[in-house]
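Structure, as structure tokens:
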Amino acid sequence: MLTSTKESTFTDPCIPKAGGYNSGVITVADGTPVDVKGLPTTEYIVKDTNPAWFFDQAGGLCTKGAVFSINPELTHGYPI
-14 MLTSTKESTF TDPCIPKAGG YNSGVITVAD GTPVDVKGLP TTEYIVKDTN
36 PAWFFDQAGG LCTKGAVFSI NPELTHGYPI
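In the working numbering, the protein residues as written are -14 to 65.
This is the structure in structure tokens:
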């Protein structure tokens, strides 16, 4: 399985943000348990409390809902 986490925006969740975070492509064998030791990791340093949006660009997963946010605004009605 491939995964590639990219930073985006709330208004364009499946479009990479210019100059934003990019994990690069990470490969894991299909069927690998999510709790197995030694899985590849990536690191993102949260610099402030502003919302940051991300998506998985690999395999069209973003259009299937593979998006997440760090520090989303709690007063905003985000559609699920």
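Just so you know, even glycine gets a beta-carbon here, dropped at the ideal spot from N, CA and C.
The Cβ atoms of Lys2 and Thr(-10) do not sit closer than 8 Å to each other. Using a 10 angstroms sphere on the CB of Phe53, the tally of other CB atoms stays under 16, which defines it as exposed. Where Thr(-10) is concerned, the enclosing beta strand (DSSP E) starts and stops at -10 to -7.
DSSP places Thr12 within a strand segment (E or B) once states are collapsed to three.
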